[in-house]
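Below you'll find the structure, written out as structure tokens, and then a few comments.
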Amino acid sequence: MIYWMLVLVLFIFVTAYLRLALLQWSILLGAILLAFYFFSAASNPVIISLWSFYLVLITVLNFPALRRRLISRYIFCGMKKVMPAISQTEQEALDAGDVWWEAELFSGNPNFDVIRQLPKPMLSQEEQAFLDGPVEAFCKMLDDWKITHKDFDLSARAWKFAKENKLFAMIIPKQYGGLEYSALCHSQMVIKIGSRSGSTGVTVMVPNSLGPGKLLMIYGTQEQKDYYLPRLATGIDIPCFGLTGPDAGSDAGSMPDTGVICKGEYEDQSNIIGIRLNFEKRYITLAPIATILGIAFKLSDPDHLLSDVEERGITLVLIKRETAGIEIGKRHFPANQAFMNGPIRGKDVFIPLDAIIGGVDYIGKGWSMLMECLGDGRAISLPALGTAVGKLSSKYTGAYSRIRSQFNTPIGNFEGVEEVLTKIAGQTYAIDAARLMILSALDAGTVPSVLSGVVKQQTMERMREIVNHSMDIHGGHGICMGPHNFLGRAYQLVPVGITVEGANILTRTMIIFGQGAMRSHPFLLKEVEAVHNTSGEAGLIDFDLALFSHIGFVISNVVRSFWLGISSARFATAPGNRDTRYYYRQIIRMSAAFALLSDVCLAVLGGALKRREKISGRLADILSNLYVCSAVLKHYEDEGEQKDDLPLLRWACEDALFNAQTAMKNIMKNLPTRFIGKLCNFIIFPLTKPYQEPDDNLGQKVAKLILTPSATLDRLSQGIFVSDNKNDATGRISYALDQVLATQDIEHKLREAYKTGQLEKRGHAAYEEAKDRKIISAKEYKLLKQTQLAIRDAIKVDEFSFKNWKIETP
Ligand SMILES: Cc1cc2nc3c(=O)[nH]c(=O)nc-3n(C[C@H](O)[C@H](O)[C@H](O)COP(=O)(O)OP(=O)(O)OC[C@H]3O[C@@H](n4cnc5c(N)ncnc54)[C@H](O)[C@@H]3O)c2cc1C
Numbered sequence: 182m183i184y185w186m187l188v189l190v191l192f193i194f195v196t197a198y199l200r201l202a203l204l205q206w207s208i209l210l211g212a213i214l215l216a217f218y219f220f221s222a223a224s225n226p227v228i229i230s231l232w233s234f235y236l237v238l239i240t241v242l243n244f245p246a247l248r249r250r251l252i253s254r255y256i257f258c259g260m261k262k263v264m265p266a267i268s269q270t271e272q273e274a275l276d277a278g279d280v281w282w283e284a285e286l287f288s289g290n291p292n293f294d295v296i297r298q299l300p301k302p303m304l305s306q307e308e309q310a311f312l313d314g315p316v317e318a319f320c321k322m323l324d325d326w327k328i329t330h331k332d333f334d335l336s337a338r339a340w341k342f343a344k345e346n347k348l349f350a351m352i353i354p355k356q357y358g359g360l361e362y363s364a365l366c367h368s369q370m371v372i373k374i375g376s377r378s379g380s381t382g383v384t385v386m387v388p389n390s391l392g393p394g395k396l397l398m399i400y401g402t403q404e405q406k407d408y409y410l411p412r413l414a415t416g417i418d419i420p421c422f423g424l425t426g427p428d429a430g431s432d433a434g435s436m437p438d439t440g441v442i443c444k445g446e447y448e449d450q451s452n453i454i455g456i457r458l459n460f461e462k463r464y465i466t467l468a469p470i471a472t473i474l475g476i477a478f479k480l481s482d483p484d485h486l487l488s489d490v491e492e493r494g495i496t497l498v499l500i501k502r503e504t505a506g507i508e509i510g511k512r513h514f515p516a517n518q519a520f521m522n523g524p525i526r527g528k529d530v531f532i533p534l535d536a537i538i539g540g541v542d543y544i545g546k547g548w549s550m551l552m553e554c555l556g557d558g559r560a561i562s563l564p565a566l567g568t569a570v571g572k573l574s575s576k577y578t579g580a581y582s583r584i585r586s587q588f589n590t591p592i593g594n595f596e597g598v599e600e601v602l603t604k605i606a607g608q609t610y611a612i613d614a615a616r617l618m619i620l621s622a623l624d625a626g627t628v629p630s631v632l633s634g635v636v637k638q639q640t641m642e643r644m645r646e647i648v649n650h651s652m653d654i655h656g657g658h659g660i661c662m663g664p665h666n667f668l669g670r671a672y673q674l675v676p677v678g679i680t681v682e683g684a685n686i687l688t689r690t691m692i693i694f695g696q697g698a699m700r701s702h703p704f705l706l707k708e709v710e711a712v713h714n715t716s717g718e719a720g721l722i723d724f725d726l727a728l729f730s731h732i733g734f735v736i737s738n739v740v741r742s743f744w745l746g747i748s749s750a751r752f753a754t755a756p757g758n759r760d761t762r763y764y765y766r767q768i769i770r771m772s773a774a775f776a777l778l779s780d781v782c783l784a785v786l787g788g789a790l791k792r793r794e795k796i797s798g799r800l801a802d803i804l805s806n807l808y809v810c811s812a813v814l815k816h817y818e819d820e821g822e823q824k825d826d827l828p829l830l831r832w833a834c835e836d837a838l839f840n841a842q843t844a845m846k847n848i849m850k851n852l853p854t855r856f857i858g859k860l861c862n863f864i865i866f867p868l869t870k871p872y873q874e875p876d877d878n879l880g881q882k883v884a885k886l887i888l889t890p891s892a893t894l895d896r897l898s899q900g901i902f903v904s905d906n907k908n909d910a911t912g913r914i915s916y917a918l919d920q921v922l923a924t925q926d927i928e929h930k931l932r933e934a935y936k937t938g939q940l941e942k943r944g945h946a947a948y949e950e951a952k953d954r955k956i957i958s959a960k961e962y963k964l965l966k967q968t969q970l971a972i973r974d975a976i977k978v979d980e981f982s983f984k985n986w987k988i989e990t991p
């Protein structure tokens, strides 16, 4: 009998693991029962009971009408009472954009072809020439210190150059005079400019992402496109978009700004139907110099001039700057940056109906229009800026750690510094990969809205970590501001990136899992929609189908999580080679565990999960880290599987898996029912914790990659502006590094001479003595002195006079 019990357990295990359909499962179970009948010694009453049970079970399960009548109907009615309905704004957010790789991660069994078959992101020749030509030239004319400290603006020459070379027209179609470049090219432009001047990076990114241009392209009437797009492409018009205000920041949908349909006068037209607007917006990028303002507000039609409906919902309009009632032109001063940002207010501003983006057909559709556009803008601009900071830090903080010596040793050789250099390099690799993978999707025509939030949140958090470590390594050199300092402004820029386009805390704890589960879970949305949106019997039919598929899904995830846990996913079918297959397998394992844990949290907490943001935030961390891990694998393969980059791949994957594991453990520890948490822990981690933080040996290999020039460092820092001017903030560090590397053999000779007693002094103090004692030649002496000067210049910080803050750096 015991064997038959084992066969039954094995059967349940294998069929659940393989996710067989209900009918296949029923037939196979029947086959086992038949075998039991022929080959076991069981008595007739046992056989009859088993067959009876089997027939009842498969009949109920395989006949939906019966199943609905006996089971689903009751659950359906219960759900109708407790399941919260989806509000209109939530629905619009759910409908925006596409579902992509996140659905695979939610599936518990990801199909890696979805990402592996995406072509490697590549620039066209025209795009490369644009970056190497106008963008490079533009970067050369930027002086970030002057921009952020003296002028608080770009120079007139830079503005003119940017407009003439269509730096604001990346996304505008060629037929309207724009460049119509790829998302990749847009991202590379922000990286290059942002690595030279963060403020300028923000300035160019706004017109190219979330702003009137994008909205016009997708929703504008032909007349609006014909008028505005050529003007935006050539910089005749500078746009801004005002969504948030003093009373509605993160909760922008609750804006108090109003528009009332009424009759009024506009330019030379009188008594026309239009909108009277009253609004107050703040923090609006480019507002102080904008010539056209995109404004979101709530529209009403109290006199029923357009329809019988009074409250028409969030609507978007374009207003010319000079329109009567507009107050514009003051500036905020965000985190010592000089990009234009300020408030806009409108009092009784009357505009015609044709100012509505998309015309009257788009009245009330503003929220979904914004959600749709936010998806790709959020995936491009800020991740590019974060990656620029990572690349800049990897290249120049790595170099600084080599040229700056203390205790007669380059500081990068101290384990303490090495530890944080590792994080700078590893996180840069991770965010570069995260950025590139979503760009591949965007350029292939998919707009993954949940993942755009993931990429924005992850790149900004990791940028914060990178720049904090970088500042620590630079010490006073990073702190003292002035033209010599290339890092301080990047450090100050961090909160801007964290806050805009969906503040990070909100994005992590509320949006990513909240939206992700609804959109990407294979059955959840179907169940909710069936309960609330589909009426009568049709709702029950849809619910029943989704519910039983969902139950099968949960059973399968329990089995898969346990088996993948106990076997360490060793037998899971996964792509990759001997370096990467292990990580692919761990993603499969963690995906099954994530799918299970998501369902457990939803079942245990239900609607309360919306308020339990600590749990929701940790679920978001799991999804985000699995995304990063898969992006890193794709990046490594896209780069041609360079063996020298392997430490970066391993570090980034191990870090991501460890983070996912930490988030899972913390969820299980904090579930309201401790027993369920412990049970999940037993299923998911049956043999203790599988993942550790990357070890010190690996960390050392990673840090070494950015201490000296190499092909790996070139790949890691690819795309940033590289100055060859040795009087420039970053150029002087590169120059000093070249000198240090050219003289390292001579320095070695000096150290050996000191050890053997040939020299009495060490370091710089020994140069003279070494020359006099013929340990080094006159030429070598000259080289050493030259290097000493180059280092002095690279580590120098600016000095200011008491009066007028005039620079007096010696
Ligand atoms: C430099 C800069 C440029 C900007 N440019 C523009 C622009 O061009 N156009 C535009 O319309 N807006 C712009 N903004 C506004 C930006 O979108 C808002 O700052 C952002 O939405 C946050 O709003 P808030 O600053 O009022 O913070 P609040 O909404 O007050 O949020 C404060 C904190 O609370 C957190 N929080 C709020 N609600 C929740 C929640 N439910 N769960 C968890 N945490 C929560 C947030 O994450 C944040 O950390 C800009 C802002 C800045 C600083």
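According to this note's numbering, the sequence shown is numbered sequentially starting from 182. No residue lacks a Cβ here, since even glycine has one placed at the ideal position from N, Cα and C.
Do the CB positions of A774 and S742 come within less than 7 angstroms of each other? Working through the sequence shown from its first residue, we reach residue 774 at position 593. Working through the sequence shown from its first residue, we reach residue 742 at position 561. Cβ atoms of A774 and S742: closer than 7 angstroms.
Contact defined as beta carbons within less than 8 angstroms: I believe P469 pairs with I509. What is the distance between those atoms, to the nearest angstrom? As a first step, residue 469 must be located in the sequence shown, where it is residue number 288. As a first step, residue 509 must be located in the sequence shown, where it is residue number 328. P469 to I509, Cβ: 7 angstroms. Contact.
Inter-residue CB distance, K370 and M351 (contact presumed, cutoff 8 angstroms): The residue labelled residue 370 in the question sits at position 189 within the sequence shown. The residue labelled residue 351 in the question sits at position 170 within the sequence shown. Note that residue 370 corresponds to Met in the displayed sequence, not to Lys. That pair is a contact at about 7 angstroms.
So, under 8 angstroms CB-CB, G593 and L888 are touching, yes? Tell me the CB distance rounded to an integer number of Å. Residue 593 sits at position 412 when you count from the first residue of the sequence shown. Residue 888 sits at position 707 when you count from the first residue of the sequence shown. Right, the Cβ-Cβ distance comes to about 5 angstroms (below 8 angstroms), so this counts as a contact.
Name the DSSP beta bridge partners of L474, please? To locate residue 474, count along the sequence shown from 1; it is residue 293. Per DSSP, C421 and I500.
Report yes if the C-beta of M691 is less than 6 angstroms from at least one heavy atom of ligand 1; otherwise report no. Along the sequence shown, one-based indexing puts residue 691 at 510. Checking the Cβ of M691 against ligand 1 gives yes.
Evaluate the contact criterion for the segment 723-734 versus the segment 188-196: three or more CB pairs, one atom per stretch, below 8 angstroms. no
Could you check whether the Cβ of A801 sits closer than 6 angstroms to any heavy atom belonging to ligand 1? Walking along the sequence shown from the start, residue 801 turns up at place 620. No, since every heavy atom of ligand 1 falls outside the 6 angstroms radius drawn around the Cβ of A801.
Is the segment 505-519 touching the segment 426-443, taking contact as three or more C-beta pairs under 8 angstroms? no
Give a single yes or no on whether S431 has its beta carbon closer than 6 angstroms to a heavy atom of ligand 1. The residue you call residue 431 lines up with position 250 of the sequence shown. Yes, since a heavy atom of ligand 1 falls inside the 6 angstroms radius drawn around the Cβ of S431.
Within 6 angstroms: the Cβ of N137 and any heavy atom of ligand 1? Any question about residue 137 goes unanswered here, given that the chain covers just 182 to 991.
Could you tell me if M849 is buried or exposed, where buried requires 16 or more neighbouring beta carbons within 10 angstroms of its beta carbon? Taking the sequence shown and counting its residues from 1, the one referred to as residue 849 is at position 668. Buried, by the Cβ-count rule.
In the DSSP output, what is P226 paired with across the bridge? Counting from 1 along the sequence shown, the entry for residue 226 is found at position 45. Its beta-bridge partners do not exist; DSSP assigns none.
For A947, collect the residues of the same chain with a Cβ closer than 7 angstroms to its Cβ; drop the 5 residues on either side in sequence, then sort them by chain order. Taking the sequence shown and counting its residues from 1, one reaches residue 947 at position 766. These residues qualify, in order along the chain: L931, Y935 and L940.
Span separating the alpha-carbon of E361 from that of N851: Taking the first residue of the sequence shown as position 1, residue 361 is located at position 180. Taking the first residue of the sequence shown as position 1, residue 851 is located at position 670. If I take the Cα positions, the gap works out to 49 angstroms.
Residue range of the unbroken beta strand (DSSP E) whose run includes I456: Taking the first residue of the sequence shown as 1, we reach residue 456 at position 275. Its beta strand (DSSP E) spans residues Q450 to T466.
Within its chain, find whatever has a CB closer than 8 angstroms to the CB of V490; leave out the 5 residues flanking it on each side and keep chain order. One-based indexing of the sequence shown puts residue 490 at position 309. Excluding sequence neighbours, V490 sits near D482.
Near A727, which residues of its chain fall below 7 angstroms by C-beta distance, leaving aside the five closest residues on each side in sequence? Position 546 of the sequence shown holds residue 727. Excluding positions up to five away in sequence, the list reads F704, K707, E708 and A711.
For T466, is the beta carbon positioned less than 6 angstroms from some heavy atom of ligand 1? Reading the sequence shown from its first residue, position 285 is the one you call residue 466. T466 Cβ: within cutoff of ligand 1.
Rounded to whole angstroms, what's the CA-CA distance from C320 to G669? Just pull it up for me. Sequence index remark: in the sequence shown, residue 320 carries index 139 (1-based). Sequence index remark: in the sequence shown, residue 669 carries index 488 (1-based). Near 18 angstroms, if we compare the C-alpha coordinates of G669 and C320.
Give me the residue from A560, Y255, C554 and D802 with the minimum Cα distance to A364. Numbered from its first residue, the sequence shown carries residue 364 at position 183. It is A560 whose Cα lies nearest to the Cα of A364.
Identify every run of the alpha helix (DSSP H) within the segment 229-310, keeping only runs that are complete inside it and at least 4 residues long; order them along the chain. 245-248, 254-263, 269-276, 282-288 and 294-297
According to DSSP, simplified to helix, strand and coil, what is C661? Along the sequence shown, one-based indexing puts residue 661 at 480. C661: coil per DSSP, three-state reduction.
For Q587, name the three-state secondary structure that DSSP assigns. The sequence position of residue 587 within the sequence shown is 406, counting from 1. Reduced to three states, the DSSP call for Q587 is strand.
Can you name the residues that DSSP bridges to R689? What you label residue 689 is simply residue 508 of the sequence shown in a count that begins at 1. None; R689 has no bridge partner.
To which residues does DSSP link Y763 through a beta bridge? Within the sequence shown, the letter at position 582 stands for residue 763. The partner list for Y763 (beta bridge, DSSP) is empty, contrary to what the question assumes.
The beta strand (DSSP E) that contains E446, what's its start and end? Reading the sequence shown from its first residue, position 265 is the one you call residue 446. T439 to Y447 is the extent of the beta strand (DSSP E) around E446.
Does DSSP classify E874 as helix, strand or coil? Indexing the sequence shown from 1 puts residue 874 at position 693. Correct three-state label for E874: coil.
For the segment 572-585 against the segment 407-422, are there 3 or more C-beta pairs whose distance is under 8 angstroms? no
Does DSSP put N522 in a helix, a strand or coil? Walking along the sequence shown from the start, residue 522 turns up at place 341. Three-state result, N522: strand.
For I686, verify whether its CB is less than 6 angstroms away from any heavy atom of ligand 1. The count along the sequence shown starts at 1 and reaches residue 686 at position 505. Checking every heavy atom of ligand 1 against the Cβ of I686, one is found closer than 6 angstroms.
Among all the DSSP beta bridges, which residues are the ones paired with P533? Mapped onto the sequence shown, residue 533 falls at position 352. BP columns for P533 point to G455.
Can you give the beta carbon distance from I796 to M845, rounded, assuming they're within the 8 angstroms contact cut? In the sequence shown, counting from the first residue as 1, residue 796 sits at position 615. In the sequence shown, counting from the first residue as 1, residue 845 sits at position 664. The Cβ separation is near 11 angstroms, so there is no contact.
Tell me whether L623 sits in a helix, a strand or coil according to DSSP, three-state version. Here residue 623 refers to the residue found at position 442 of the sequence shown. In the structure shown, L623 sits in a helix (DSSP, three-state: H, G or I).
How many whole angstroms separate the CB atoms of P756 and W281, which I take to be in contact at a CB cut-off of 8 angstroms? The sequence position of residue 756 within the sequence shown is 575, counting from 1. The sequence position of residue 281 within the sequence shown is 100, counting from 1. In fact, because the Cβ distance is near 18 angstroms, the residues do not count as touching under 8 angstroms.
F422: beta carbon under 6 angstroms from a heavy atom of ligand 1? Taking the first residue of the sequence shown as position 1, residue 422 is located at position 241. Correct: F422 has its Cβ closer than 6 angstroms to ligand 1.
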